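Read top to bottom, the protein sequences are chains F and E. Letter by letter, the first sequence follows residues 1 to 478 in the UniProt record's numbering. Letter by letter, the second sequence follows residues 1 to 478 in the UniProt record's numbering.
Protein chains: 2
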Amino acid sequence: MERDAAPPEIDDREPLPAAEAARLSESLDDENRLKPEFVRRVREALDAGDREAVYEAVEPLHPADIADLFELFDEDDRLALAGAISDLMGGEVIAELNDHVRELLVEALPPDAVADFAEQMETDDAVALIEDLDADDRQAVLAELDPEDRAAIESALAYPEETAGRLMQRDLVAVPEHMTVGGLIDYLREHADLTTEFWEVFVVDPLHRPVGTCQLSWILRTPRTVALTDVMKRDQTLIPVGMDQEEVALRFQKYALISAAVVDDSGRLVGQLTVDDIVHIIQEEAGEDVLLLSGAGDGDINEPIALTVRTRLTWLVVNLGTAIVAASVVGMFQGAIARFALLAVLMPIVSGMGGNAGTQTLAVIVRALATNQLTSSNTWRMIAREFRIATANGLSLGLLIGAGVALVFDNPLLGAVIGAAMLINNLIAGLAGILVPLTLEKFRIDPAVSSAVFVTMATDVMGFFSFLGLAVASGLTG
Amino acid sequence: MERDAAPPEIDDREPLPAAEAARLSESLDDENRLKPEFVRRVREALDAGDREAVYEAVEPLHPADIADLFELFDEDDRLALAGAISDLMGGEVIAELNDHVRELLVEALPPDAVADFAEQMETDDAVALIEDLDADDRQAVLAELDPEDRAAIESALAYPEETAGRLMQRDLVAVPEHMTVGGLIDYLREHADLTTEFWEVFVVDPLHRPVGTCQLSWILRTPRTVALTDVMKRDQTLIPVGMDQEEVALRFQKYALISAAVVDDSGRLVGQLTVDDIVHIIQEEAGEDVLLLSGAGDGDINEPIALTVRTRLTWLVVNLGTAIVAASVVGMFQGAIARFALLAVLMPIVSGMGGNAGTQTLAVIVRALATNQLTSSNTWRMIAREFRIATANGLSLGLLIGAGVALVFDNPLLGAVIGAAMLINNLIAGLAGILVPLTLEKFRIDPAVSSAVFVTMATDVMGFFSFLGLAVASGLTG
Numbered sequence: 001m002e003r004d005a006a007p008p009e010i011d012d013r014e015p016l017p018a019a020e021a022a023r024l025s026e027s028l029d030d031e032n033r034l035k036p037e038f039v040r041r042v043r044e045a046l047d048a049g050d051r052e053a054v055y056e057a058v059e060p061l062h063p064a065d066i067a068d069l070f071e072l073f074d075e076d077d078r079l080a081l082a083g084a085i086s087d088l089m090g091g092e093v094i095a096e097l098n099d100h101v102r103e104l105l106v107e108a109l110p111p112d113a114v115a116d117f118a119e120q121m122e123t124d125d126a127v128a129l130i131e132d133l134d135a136d137d138r139q140a141v142l143a144e145l146d147p148e149d150r151a152a153i154e155s156a157l158a159y160p161e162e163t164a165g166r167l168m169q170r171d172l173v174a175v176p177e178h179m180t181v182g183g184l185i186d187y188l189r190e191h192a193d194l195t196t197e198f199w200e201v202f203v204v205d206p207l208h209r210p211v212g213t214c215q216l217s218w219i220l221r222t223p224r225t226v227a228l229t230d231v232m233k234r235d236q237t238l239i240p241v242g243m244d245q246e247e248v249a250l251r252f253q254k255y256a257l258i259s260a261a262v263v264d265d266s267g268r269l270v271g272q273l274t275v276d277d278i279v280h281i282i283q284e285e286a287g288e289d290v291l292l293l294s295g296a297g298d299g300d301i302n303e304p305i306a307l308t309v310r311t312r313l314t315w316l317v318v319n320l321g322t323a324i325v326a327a328s329v330v331g332m333f334q335g336a337i338a339r340f341a342l343l344a345v346l347m348p349i350v351s352g353m354g355g356n357a358g359t360q361t362l363a364v365i366v367r368a369l370a371t372n373q374l375t376s377s378n379t380w381r382m383i384a385r386e387f388r389i390a391t392a393n394g395l396s397l398g399l400l401i402g403a404g405v406a407l408v409f410d411n412p413l414l415g416a417v418i419g420a421a422m423l424i425n426n427l428i429a430g431l432a433g434i435l436v437p438l439t440l441e442k443f444r445i446d447p448a449v450s451s452a453v454f455v456t457m458a459t460d461v462m463g464f465f466s467f468l469g470l471a472v473a474s475g476l477t478g
Numbered sequence: 001m002e003r004d005a006a007p008p009e010i011d012d013r014e015p016l017p018a019a020e021a022a023r024l025s026e027s028l029d030d031e032n033r034l035k036p037e038f039v040r041r042v043r044e045a046l047d048a049g050d051r052e053a054v055y056e057a058v059e060p061l062h063p064a065d066i067a068d069l070f071e072l073f074d075e076d077d078r079l080a081l082a083g084a085i086s087d088l089m090g091g092e093v094i095a096e097l098n099d100h101v102r103e104l105l106v107e108a109l110p111p112d113a114v115a116d117f118a119e120q121m122e123t124d125d126a127v128a129l130i131e132d133l134d135a136d137d138r139q140a141v142l143a144e145l146d147p148e149d150r151a152a153i154e155s156a157l158a159y160p161e162e163t164a165g166r167l168m169q170r171d172l173v174a175v176p177e178h179m180t181v182g183g184l185i186d187y188l189r190e191h192a193d194l195t196t197e198f199w200e201v202f203v204v205d206p207l208h209r210p211v212g213t214c215q216l217s218w219i220l221r222t223p224r225t226v227a228l229t230d231v232m233k234r235d236q237t238l239i240p241v242g243m244d245q246e247e248v249a250l251r252f253q254k255y256a257l258i259s260a261a262v263v264d265d266s267g268r269l270v271g272q273l274t275v276d277d278i279v280h281i282i283q284e285e286a287g288e289d290v291l292l293l294s295g296a297g298d299g300d301i302n303e304p305i306a307l308t309v310r311t312r313l314t315w316l317v318v319n320l321g322t323a324i325v326a327a328s329v330v331g332m333f334q335g336a337i338a339r340f341a342l343l344a345v346l347m348p349i350v351s352g353m354g355g356n357a358g359t360q361t362l363a364v365i366v367r368a369l370a371t372n373q374l375t376s377s378n379t380w381r382m383i384a385r386e387f388r389i390a391t392a393n394g395l396s397l398g399l400l401i402g403a404g405v406a407l408v409f410d411n412p413l414l415g416a417v418i419g420a421a422m423l424i425n426n427l428i429a430g431l432a433g434i435l436v437p438l439t440l441e442k443f444r445i446d447p448a449v450s451s452a453v454f455v456t457m458a459t460d461v462m463g464f465f466s467f468l469g470l471a472v473a474s475g476l477t478g
């Protein structure tokens with residue numbers, strides 16, 4: 001893993017020459033996406049086997065944009081591109097790649113090449129690279145690493161996936177309590193092997209337990225003679241090494257953290273997390289609810305297609321089961337439908353509108369649970385809130401459709417039946433939309449994954465049952 | 001707005017006394033949410049009018065947790081709580097409050113009290129506080145501010161909402177190119193009025209245009225005599241002042257930024273954005289897709305209920321329209337249904353499964369568009385991908401339901417009809433799920449807001465039409 005010499009990262013490049021700046025603006029559009037013309041040009045050069053042209057086009061790009069370029073190509077072009085720009089494929093590009101794309105490229109490489117990448121990367125990125133490999137390949141790569149890097153990666157791999165232990169950086173700056181601001185600056189200047197990737201300095205006690213954090217701007221603003229214990233903030237957010245990444249992301253967000261100390265069970269400082277590593281987790285965790293609720297798994301467009309089909313089909317088959325249950329409710333009323341086929345025309349309106357209302361409530365509640373806004377302290381208030389919303393919407397929709405049906409079909413009883421069924425199903429939808437996710441959450445089942453099946457079943461079954469049942473009970477069908 | 005004296009934020013508090021630490025752990029659970037017992041205790045003290053007990057319970061909390069506490073209460077308790085802990089209601093608490101809760105509290109306060117809060121806050125938070133007020137209140141508050149603060153807030157308010165100009169911090173550290181590391185450190189120590197909220201120093205040319213950025217850790221690791229131009233990074237991500245916040249968030253994420261320079265049209269440095277201000281935008285923008293797709297507006301559980309009803313009802317009425325269109329398709333087949341009522345039993349299965357498959361594709365495509373993963377360079381590959389997935393799922397589901405229906409009802413022709421309809425509707429679902437959002441995006445309409453209506457209509461209409469139409473065409477209904 002990268003250890004910079006001091007003075008770190010001296011950048012003696014000239015400002016971008018005009019030609020290069022122009023080439024860069026050729027590659028990115030206003031919204032910072034790679035331009036289609038640019039992508040096409042690279043693809044054509046790849047197809048023509050003109051590696052030099054490919055290299056020249058890609059070279060000015062930021063590593064994150066190079067990673068994006070890989071995602072835009074299909075599998076064959078990805079491997080060809082990696083071959084053409086192997087000199088540019090540094091640890092930064094690899095770290096920015098989509099998981100599936102990285103796996104494809106890494107599987108095509110020999111272990112020593114993977115090890116070379118891992119050595120260029122920070123611990124967390126190297127772990128992300130190596131954790132994807134199967135056991136044999138993983139051993140082969142680890143064997144190629146420096147003993148120190150290997151030890152760091154192996155100890156990270158010992159923590160479960162998606163925990164702070166996997167994500168954290170082991171390289172950090174920790175200093176004893178007795179140090180002064182001047183002493184710290186001298187220490188930083190003298191130790192060439194320290195990381196440059198830090199935004200705060202951790203002050204630790206003799207047992208290496210964090211006692212405070214110094215933001216670098218405070219250190220730069222303070223006279224050399226002041227003790228660190230006088231500038232540091234004692235009130236810290238410590239992250240236990242086993243904490244789930246979703247929880248870590250919420251804490252970074254809630255307390256607006258830039259970095260945080262990771263501690264083991266005995267409270268010793270074992271690593272740091274910085275916000276730039278957390279930002280993509282915040283985005284992933286917030287964005288995954290829509291994918292999970294719709295049964296699209298992690299919804300990654302780079303996923304191998306067989307895996308996508310399996311994930312989506314599993315969900316669809318489960319829903320087929322609930323659709324059959326709902327259909328069997330309709331089956332109970334076949335006789336009535338045969339006598340009065342208009343019921344079959346109108347019944348999907350009632351079930352469908354219930355489904356829409358249920359999905360609205362479900363989306364709101366799943367987000368509120370995920371962001372810790374809905375807790376047991378406001379559960380009852382929120383249930384009452386959803387009930388009031390469902391009543392208002394159900395009455396409005398019931399009146400609207402009821403009056404419409406009564407007029408169009410000149411049948412006030414039919415209007416009353418569909419209006420009442422609409423109100424009932426909206427109430428079912430509102431209550432199912434909040435009670436289902438709350439119940440799943442209580443049993444520690446992710447409400448985003450399983451709620452929709454139950455809510456849809458409730459609104460389908462009750463939509464059909466309330467409408468067809470009321471129609472029969474009211475004597476509409478003779 | 002806060003301007004710290006150097007040495008900044010010297011924290012001379014003792015470590016938390018044991019009693020206070022214990023009280024803190026009494027208030028938060030393992031997942032960092034306020035414990036229900038704690039919330040209940042505060043609520044009881046509020047109801048009993050025991051302001052001292054309320055103050056004592058709330059005082060050890062972090063401002064973000066105090067803000068959470070407000071959200072857990074209903075409107076009356078929120079105002080009572082604000083009264084009981086007015087000493088603790090600093091700018092930080094106000095800044096952390098949910099928009100709706102903040103509006104409620106701020107409307108209850110006189111202008112000079114609001115102005116006092118604004119002066120304690122950083123520009124961006126003060127802007128967020130004041131932008132909610134109506135024009136008269138806003139003028140009254142601005143009149144109470146220091147001229148300098150007023151100017152800063154007024155110029156921020158001149159930028160459109162949700163742009164970099166609204167979000168940015170005006171306080172930053174910018175230094176000329178000729179400075180050395182030592183010169184910078186001396187400048188920072190000598191200027192007591194500089195902000196302490198910075199993570200990078202911007203190096204500017206004589207026209208105040210940024211030419212490079214220095215990470216503070218590099219400055220601390222470098223000998224005093226080195227020129228800043230030798231440690232700074234020239235390759236910067238500059239944010240135009242009019243850039244939309246969603247775009248800003250994507251850029252912070254893509255390039256792992258901690259802070260970034262905001263520049264005006266002539267390229268002059270006018271402010272900075274720091275990642276802690278962007279993190280909640282990343283979370284909001286990623287989380288809003290599920291709410292928008294389901295028609296739940298911004299889905300905030302603290303929103304006044306009338307507003308929530310209006311938002312959700314609008315969406316439901318639009319969907320009622322599409323449900324009526326779908327029902328009218330069924331209406332075309334009333335005669336067939338009257339002769340063969342089993343069709344009415346089975347038809348919701350076909351339309352419902354199409355709806356599920358369409359929602360899956362839609363969720364994936366909306367996320368891929370929002371994260372810039374789907375661009376015109378890979379559109380055709382993605383359409384082909386969704387078509388293949390839809391074919392695989394459609395064939396599987398069609399065979400499954402077709403064979404099941406053939407066996408259960410001992411009617412192979414009925415099985416063939418429903419199987420074929422299922423395949424057709426899955427293809428419709430897959431294609432609508434990708435083509436609808438792509439088309440909306442082309443016309444610069446947010447695909448998350450409007451796609452679901454069109455996709456559901458397509459799968460409902462085609463589900464009914466393909467199944468009932470095939471049933472009639474095949475002679476099933478005699």
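Here a beta-carbon is modelled for each residue, glycine too, at the ideal position from N, C-alpha and C. Predicted model, so just to flag it, every value in this text is computed and none were measured.
Residue contact check for lysine 442 of chain F against chain E: no CB pair falls below 9 Å. Using a Cβ-Cβ cut-off of 9 Å, arginine 102 of chain F does not count as an interface residue toward chain E, since no Cβ of chain E sits closer than that to its own.
Valine 366 of chain E belongs to the set of residues whose beta carbon lies under 9 Å from a beta carbon in chain F. Comparing alpha-carbon positions, the option among E:Gly475, E:Arg367, E:Thr225, E:Pro447 lying closest to glycine 287 of chain F turns out to be E:Arg367.
By the C-beta criterion, the region 283 to 300 of chain F is judged not to be in contact with the region 374 to 386 of chain F, since fewer than 3 inter-stretch pairs fall below 8 Å. DSSP places glycine 331 of chain F inside the alpha helix (DSSP H), whose first and last residues are 305 to 331.
When 7 Å is used as the limit between beta carbons, alanine 64 of chain E is near these residues of chain F: Lys254, Tyr255, in chain order.
Beyond the five residues adjoining it in sequence on each side, glycine 463 of chain E comes within less than 6 Å, by CB distance, of Val350, Ser351, Gly354, Asn425 in the same chain, given in chain order. With contacts defined as CB atoms closer than 9 Å, alanine 261 of chain F and phenylalanine 198 of chain F fail to qualify as a contacting pair. Between the alpha carbons of alanine 164 of chain E and valine 248 of chain E lies a gap of roughly 7 Å. Following the DSSP letters along the chain, one finds proline 176 of chain F in no alpha helix (DSSP H) but inside the beta strand (DSSP E) bounded by residues 174 to 176. Of all residues in the region 291 to 314 of chain E, only Leu291, Leu293, Ser294, Gly295, Ala296, Gly299, Ile301, Ile305, Thr308, Val309, Arg312, Leu313 place a beta-carbon less than 7 Å from a beta-carbon of chain F. Against chain E, the beta carbon of phenylalanine 198 of chain F has neighbours under 8 Å at Ser217, listed in chain order. Using a Cβ-Cβ cut-off of 9 Å, phenylalanine 73 of chain E counts as an interface residue toward chain F, since at least one Cβ of chain F sits closer than that to its own. Contact annotation for isoleucine 428 of chain E against chain F: no contact, minimum CB-CB distance about 14 Å [criterion: below 9 Å]. Within 8 Å of the CB of glutamine 334 of chain E, the CB atoms of chain F belong to Ala341, Leu342, Ala344, Val345, in sequence order along the chain. Between phenylalanine 333 of chain F and leucine 476 of chain F, the gap from beta carbon to beta carbon reaches 9 Å or more. DSSP, reduced to helix, strand and coil, places proline 60 of chain F outside both helices and strands of the structure shown, so it counts as coil. Taking a beta-carbon distance threshold of 9 Å, threonine 439 of chain E does not count as an interface residue toward chain F. By alpha-carbon distance to glycine 299 of chain F, the top candidate from E:Gly402, E:Leu105, E:Gln373 is E:Gln373. Under the three-state reduction of DSSP output, aspartate 244 of chain F falls in the strand class. Straight-line spacing of the CA atoms in glutamate 285 of chain E and arginine 312 of chain E works out to 19 Å. With fewer than 16 neighbouring CB atoms inside 10 Å of its own CB, lysine 442 of chain F falls in the exposed class. Leucine 476 of chain F carries a coil assignment under DSSP once its states are collapsed to helix, strand and coil. Among the bridge pairs identified by DSSP, proline 210 of chain E is matched with E:Val204. Taking 3 residues as the shortest admissible run, the region 117 to 204 of chain F contains the following complete beta strand (DSSP E) segments, listed from N- to C-terminal end: 174 to 176, 200 to 204. Setting aside the 5 residues that flank it on each side, leucine 184 of chain F is surrounded in the same chain by Val175, Val201, Ile219, Leu228, each with a C-beta closer than 7 Å to its C-beta; the list follows chain order.
Less than 9 Å separates the beta-carbon of alanine 357 of chain E from that of alanine 429 of chain E. Serine 217 of chain E is classed as buried because its beta carbon has at least 16 other beta carbons within 10 Å across all chains shown. Boundaries of the beta strand (DSSP E) around glycine 271 of chain E: 269 to 274. Among the CB atoms of chain F, one or more fall inside 9 Å of the CB of alanine 323 of chain E.
Of all residues in the region 104 to 124 of chain F, none is placed with a Cβ closer than 9 Å to any Cβ belonging to chain E. Between proline 111 of chain E and alanine 152 of chain E, the C-beta gap is not smaller than 9 Å, which leaves the two residues out of contact.
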